[in-house]
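> Sequential numbering of the sequence shown, starting at 255, is according to our numbering.
Think of the CB as a built atom: it goes at the ideal place given N, C-alpha and C, for glycine as much as any other residue.
Please read through the structure below; I'll follow up with questions.
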Amino acid sequence: CQSATRRIKMTRNGINEERIGLLQEREKRLGYSAVEPFSSHYIILNQDKDDEITCYGYAEDRVKNMMFIVGSCVLLFIPFLLVRWFPQLNLYLRMRKVSLGMADSVLIKSHDGVYYTAAIRAMMLETPNLFKNHISMEEDQIMFRYFYHQHIMYYYHRGNFYRLQSYERDVKLKDFATFTGYSQEQQAHKLKVFGPNLLDRRIPSTGSIFFCEVVTPFYVFQIFSCLVWFCSGYILYAICILALCLFSMVLSTLETVNQLIKLTRTTSGHSHAEDITVLRDSKDMETIHSSNVVPGDVILLKNDKFVMNCDAVIIRGSCTVDESDLTGASVPVVKVSVGWEDELYSPETHPHNTVLCGTRVLQSKSNTMAVVVRTGFYTAQGEQLRVMDHQERRTFQFNEDCKKLLFWLGLIASLGFSVSCFYLTKSGVEQGKVLLHSLVIITIVIPPALPIVTTLASYFAQVRLMKKDIYTTSPGRTSVLGGVDVVCFDKTGTLTENGLSLKGVLPVCKEGFVEMCPGLGDLDPEGLFFISMASCHNLTLLDGIPIGDPLDLIIFAATGWVLAEDSNATMWETGVRSLQTNRQINILKTFPFSSTLKRMTVIATDKGVVRAFMKGSPEAIHTLCDKSSIPESFYQVLEDYTRKGYRVIAYAHNPLEGDENEVITMKRSDIEMGAHLLGFVCLHNPLKEDSKPVIQEIREAGLRCIMVTGDNIGTGISVTRELGMIRNDERIIVITASLCKDTCVPRIVYSPADAGHLLNSNTRCHLALNGTSWNIIYGYQPDLLSRIVLRGVVFAGMQPEQKEQLINVLREQQYVVGMCGNGTNDWKALKAADVGISLSGIKTTGTSSFTFKDNNISCVPILMKEGRYALMTGFGLFKYMILYSLIQFSSVLFLYVFQCGLSMPQHFYVDLIIVITLAILMAYTDPCDYLSRRPPFKTLLAWQPVLSLLGQTQLVIVFQIITIFIVTSKAWKSEMIPTDGINYFNPLSTSLFVLCAQQFINMACLFSYGEPYREPAFFQCCVHAHCVCPHNHQFSFLAWRIVVFE
């Protein structure tokens, strides 16, 4: 029956009878149904990753669906609103829970607790063998079921769902050379599964966005409140409140639309798709639209400049690309062809062989070919866009506290509703009026201006930041800046200049290292060390100018050699030539620098002799070199120069046997092992002018500063001391972790970075750790790592993934973490941090909260000041609105006891003239011009704010009771009691109105915080001017009313 039901649904979806017959034959032959009723009800996908989700299976239930429709009509569409607010209820109320094999829909729960729903669809595959690298399926399976979540397909197989794979996994490097392209029919079949190669981010219509805003819980409550006010006779007031809500909804809608437009513009280069040339069955070349490209296509890279529309692996030739719009790299990068190794391909470990979608190809050699590995939202750019569209929901303390306080206000409103019903009924008021007036009590508790007022501080802060060339994609994160405890900084390009200066070289001789020679000193121009510096790089010519990594450019320029390229050369990629001797060395193959391996290698030929030249971190080169070529003082010399702040690069060479054709097919490990050390090159990376004063200002404010760098740990420690991240009397302990070969138990050693200084119990120490030790401790002793980050100040040799892990560990320790980087390798850490600050105005670091136009950290103190201003102003405004609602609530409730109430003009005057105007003026204040060492409150529920609220509430109620006692004790008390209904014009209503108005003014003065987070109180002239005028007016009005009644 289940199989038959599935086939009926397939027929409805347009699958013909012939295919259904094939499905029936397959079921008989394989012995199981296409629908598996005994599979699990749920499954966890992408486990232990950022996009981890849990899927639950649901199937259609006609009875429950009919009950839901009837119930929505009877209950005034309240169930409809509930399923809008809580998507999981849509499946709970309308469908039944089933196994994944029988499901028609899935309920998806993300790792941060957000729910989504998705429909399960079915698709027939014409050529199943074509998808063996992408979809796990039986040999003759022709149908598979799938659903889409955040633009990614998940398909069903044997009781589980799996993510659709491209060629980014489980493919060996040497296998790419066997790709011969697809026929038009094969390409059409693949396009059916993978979809068009477009980053199609459809912007919802303005009307649909506005509707989604209208049906949010707050505005639904406000619409309900306006109906209550209208039915109660407050017609003008209801219209004004409705207009205010409409204004707020329009502003929110426009902000959402503008945000979506800004995010869409980041893909403007990709959305203008181009024609692209593909290889067909190893024979012909065909030009097709780039939207029709599929994984596995072999494409020809044009010689002209163009924007790449997919992720592709170079299999022949090379190209130069500009990745600044994607990775933030400030210089063009050379991409080379993959090797013939058995190593599995991965875009993360082979970045120099992969041309990423969204990057701009500046030039390519003739006949450069590449294999498409990812298209659409599976590409690197697509992943970043998905992260921006579906950012992780962060539970900030201020937002959580607001929800808790609103919950308590709801309870107070319920209590007031019961009390008002009791007293109004006791007074003989009609039942209909009793209900309306009691509902007014509930509507008073949640002020209609609350969403506008609470965002005023962030809005004013954002306007000031834009004037200083600081832009944000997340205005709500401004207040989070005020609670930042720890600021992590990248080193190169953030704290230090991108440019390097060559200080000297340390050649290796029989006795050990030679003393450092300034520049290249007396280094032999014909020696291997000199030749290795001239040839071991990844530079290329663009319009006749060498481009590439700044480090490579500095070292190569010091040699005085020039690049010699031949676009028609078949054996060698590029060459270098000496201007003095005209000696030329041809580069046969390049293994680009890898952040994982921390080295690069080139195979060069010189007068028929083939050698491999290597350079990289001294620790990485040390593991490759023959022990006989390594001086005993290797680590001592390295430590001495890194302590001085130098960046040390090691060089080595290895003679290779065989001709050129044999050598280029050798494995990289065979080429590099057994090398001979040539020496060290020392470079200096000067600090930026603004770095030291900014770090000192942040430190004086009591905030922790942490350096996270990919450089050597000694260099990191030296720069840390130079910047003043630690005081002169403080010491650094270096943590080194290693694994015991026999037991695989980590061995951890703690050693002082300053060997000449003794430590005692009074010495304040900080910790330093390198990337290798981080991996060991992270994998074997994560509990220890959580304690290390509490005192860590230098984390060196860190890869991008390790930087992200560090941010997450700090957040687990309840720190509010800020990350500042230049975007090159920091986008994952910027995304993981509570507040990410990207420098140099790179537009694609949309995963960061803030972007600064200039390439320095002078923006950090500015952001901290604005963040503290926004946080404390938000606190003050929220407490002001709570007290405003409580004052209004208590005054109306007291009046109900005497069968009195406030008139419409009184409500109108208080809400729109006094409260909103004062709230705007309270927020219209500049931040303080210095960072205080006293941190602001991060929570509304700390004992100081709570006691303040309770104390002010009690004081307000006491004054109201005193006013009631005075007024009711007068002879004209009898005039206050109406014959029926509510009396709005009487001495008690007038007295409480004037008293409440004065209390609102007093609260505004009380919560207009000054130093140390905002400008001093005596500068807030607008607030005081507005307070004084109503102050005099209210008391004159009160005196006039007393005279009239007397």
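In whole angstroms, what is the alpha-carbon distance linking residue 1102 and residue 739?
Within the sequence shown, the letter at position 848 stands for residue 1102. Within the sequence shown, the letter at position 485 stands for residue 739. About 18 Å.
> Are the CB atoms of residue 979 and residue 1047 within a distance shorter than 8 Å?
Here residue 1047 corresponds to residue number 793 of the sequence shown, with the count starting at 1. Here residue 979 corresponds to residue number 725 of the sequence shown, with the count starting at 1. In this structure, residue 979 lies closer than 8 Å to residue 1047 by Cβ.
> For residue 288, is the classification buried or exposed, using 16 other Cβ atoms within 10 angstroms of its Cβ as the cut-off for buried?
Taking the sequence shown and counting its residues from 1, one reaches residue 288 at position 34. Any answer about residue 288 is weak, because its pLDDT of 42 lies below 50 and its placement is not dependable; what the coordinates show is given next. Flag for residue 288 reads buried.
> How many angstroms separate the CA atom of residue 1110 from the CA atom of residue 745?
Translated into the one-based positions of the sequence shown, residue 1110 becomes position 856. Translated into the one-based positions of the sequence shown, residue 745 becomes position 491. Spanning the two alpha carbons is a distance of roughly 11 Å.
> Between 552, 668 and 602, which lies nearest to residue 624 when the distance is taken from Cα to Cα?
By 1-based counting over the sequence shown, the position of residue 624 is 370. Selected option, being the one with the closest Cα: 552.
> By Cβ distance below 7 Å, which residues in the same chain neighbour residue 1039 in space, the five residues on each side in sequence not counted?
Mapped onto the sequence shown, residue 1039 falls at position 785. 1031, 1032 and 1063, listed in sequence order.
> To the nearest angstrom, how far is the alpha carbon of residue 817 from that of residue 743?
Here residue 817 is taken as the residue at index 563 of the sequence shown, counted from 1. Here residue 743 is taken as the residue at index 489 of the sequence shown, counted from 1. Going by the C-alpha atoms only, they are around 36 Å apart.
> Quickly, what does DSSP pair residue 628 with across the bridge? List them, please.
Residue numbering aside, residue 628 sits at position 374 when the sequence shown is read from its first letter. Beta-bridge pairing links residue 628 to 565.
> Taking the straight line between their C-alpha atoms, what separation do you get for residue 568 and residue 605?
Looking up residue 568 in the sequence shown gives position 314. Looking up residue 605 in the sequence shown gives position 351. Distance between the alpha carbons of residue 568 and residue 605 is about 11 Å.
> Assuming residue 712 and residue 733 make a contact with CB atoms under 8 Å, what is their CB distance in whole Å?
Here residue 712 is taken as the residue at index 458 of the sequence shown, counted from 1. Here residue 733 is taken as the residue at index 479 of the sequence shown, counted from 1. Indeed they touch by this definition, with Cβ atoms about 6 Å apart.
> Provide the residue span of the alpha helix (DSSP H) that contains residue 656, from first to last.
Taking the sequence shown and counting its residues from 1, the one referred to as residue 656 is at position 402. Its alpha helix (DSSP H) spans residues 651–680.
> Tell me whether residue 929 sits in a helix, a strand or coil according to DSSP, three-state version.
Numbered from its first residue, the sequence shown carries residue 929 at position 675. Note: residue 929 maps to strand in three-state DSSP.
> Are the CB atoms of residue 368 and residue 311 nearer to each other than 8 Å?
Against the sequence shown, residue 368 aligns to sequence position 114. Against the sequence shown, residue 311 aligns to sequence position 57. No, they are not a contact pair.
> Considering just the uninterrupted stretch of the alpha helix (DSSP H) at residue 327, what are its terminal residues?
The residue given as residue 327 occupies position 73 in the sequence shown. Unbroken alpha helix (DSSP H) run through residue 327: 316–328.
> Our contact map puts residue 1073 next to residue 1051 with C-beta atoms below 8 Å; I'd like the distance itself, whole angstroms only.
The residue labelled residue 1073 in the question sits at position 819 within the sequence shown. The residue labelled residue 1051 in the question sits at position 797 within the sequence shown. Actually they do not touch by this definition, with Cβ atoms about 18 Å apart.
> Provide the residue(s) that pair with residue 920 in DSSP beta bridges, ordered along the chain.
If you number the sequence shown from 1, residue 920 lands on position 666. In the DSSP output, where bridge partners are listed per residue, residue 920 has none listed.
> List the DSSP bridge partners of residue 349.
Taking the first residue of the sequence shown as position 1, residue 349 is located at position 95. The partner list for residue 349 (beta bridge, DSSP) reads 314.
> Give every residue of the same chain whose Cβ lies closer than 8 Å to the Cβ of residue 1120, excluding the five residues on either side of it in the sequence, and list them in chain order.
As a position in the sequence shown, residue 1120 is number 866, starting the count at 1. Only 715, 718, 719, 732, 735 and 1181 meet the Cβ criterion.
> Near residue 1106, which residues of its chain fall below 6 Å by C-beta distance, leaving aside the five closest residues on each side in sequence?
Counting from 1 along the sequence shown, the entry for residue 1106 is found at position 852. The residues are 724, 1093 and 1113.
> Given the structure, does residue 1258 come close to the ligand ZN, in the sense that its CB is under 7 Å from one of the ligand's heavy atoms?
Among the components of this structure there are no ligands whatsoever, and the ligand ZN is therefore not found.
> For residue 1161, I'd like the list of residues in its chain whose CB is within less than 6 Å of its CB, leaving aside the five on either flank, ordered along the chain.
Here the question's residue 1161 lines up with position 907 in the sequence shown. Only 491 meet the Cβ criterion.
> In or out: residue 1185 buried (at least 16 other Cβ within 10 Å) or exposed?
As a working mapping, residue 1185 is identified with position 931 in the sequence shown. So residue 1185 counts as buried.
> How would you label residue 921, buried or exposed, when you count the other beta carbons within 10 angstroms and need 16 or more for buried?
For the purposes of this step, residue 921 is taken as the residue at position 667 of the sequence shown. It is exposed - the Cβ of residue 921 has fewer than 16 other Cβ atoms within 10 Å.
> Output the residue ranges of the beta strand (DSSP E) runs that lie fully inside the segment 1119–1183 and measure 3 residues or longer, sorted by chain position.
With a minimum length of 3 residues, no continuous beta strand (DSSP E) run stays inside the segment 1119–1183.
> Thinking just about the alpha-carbon of each residue, which of 855, 833 and 1197 is nearest to the one in residue 792?
Translated into the one-based positions of the sequence shown, residue 792 becomes position 538. Out of 855, 833 and 1197, 855 has the C-alpha closest to the C-alpha of residue 792.
> How do the segment 857–868 and the segment 836–848 stand: do at least 3 beta-carbon pairs fall below 8 Å, yes or no?
Cβ pair count under 8 Å is three or more, so yes.
> Under 6 Å Cβ to Cβ from residue 1142, same chain only, skipping five residues before and after it: list those, please.
For the purposes of this step, residue 1142 is taken as residue 888 along the sequence shown, with counting starting at 1. Within the same chain, residue 1142 has close Cβ partners 698.
> Out of curiosity, what's the CA-to-CA distance linking residue 263 and residue 999?
For the purposes of this step, residue 263 is identified with residue 9 of the sequence shown, where counting begins at 1. For the purposes of this step, residue 999 is identified with residue 745 of the sequence shown, where counting begins at 1. Below a pLDDT of 50, predicted positions are generally treated as unreliable, and residue 263, at 44, falls in that range; the measurement from the model is reported next regardless. Their backbone Cα atoms lie some 56 Å apart in a straight line.
> For the segment 300–319 against the segment 433–440, are there 3 or more C-beta pairs whose distance is under 8 Å?
These segments do not touch.
> How about residue 1219 and residue 1129: do their beta carbons lie closer than 8 Å?
Numbered from its first residue, the sequence shown carries residue 1219 at position 965. Numbered from its first residue, the sequence shown carries residue 1129 at position 875. No, the Cβ-Cβ distance between residue 1219 and residue 1129 is not below 8 Å.
> Short of 8 Å in beta carbon distance, which residues of its chain neighbour residue 1118, apart from the five on each side in sequence? Order them along the chain.
Working through the sequence shown from its first residue, we reach residue 1118 at position 864. Same-chain partners within the cutoff: 735, 736, 738, 952, 955, 957 and 1185.
> Residue 530 bridges to which residues according to DSSP?
For the purposes of this step, residue 530 is taken as residue 276 along the sequence shown, with counting starting at 1. Note: residue 530 sits in a beta bridge opposite 542.
> Can you tell me whether residue 1240 is helix, strand or coil according to DSSP?
Here residue 1240 corresponds to residue number 986 of the sequence shown, with the count starting at 1. Three-state DSSP puts residue 1240 in coil, outside helix and strand.
> So for residue 355, helix, strand or coil by DSSP?
Start at 1 with the first residue of the sequence shown, and residue 355 comes out as number 101. Looking at residue 355 - three-state DSSP - the assignment turns out to be helix.
> Which partner residues does residue 763 have in the DSSP bridge list?
Within the sequence shown, residue 763 is the residue found at index 509, counting from 1. According to DSSP, which records beta bridges pairwise, residue 763 is partnered with 766.
> In whole angstroms, what is the alpha-carbon distance linking residue 941 and residue 750?
Sequence index remark: in the sequence shown, residue 941 carries index 687 (1-based). Sequence index remark: in the sequence shown, residue 750 carries index 496 (1-based). Whole-angstrom Cα-Cα distance: 4 Å.
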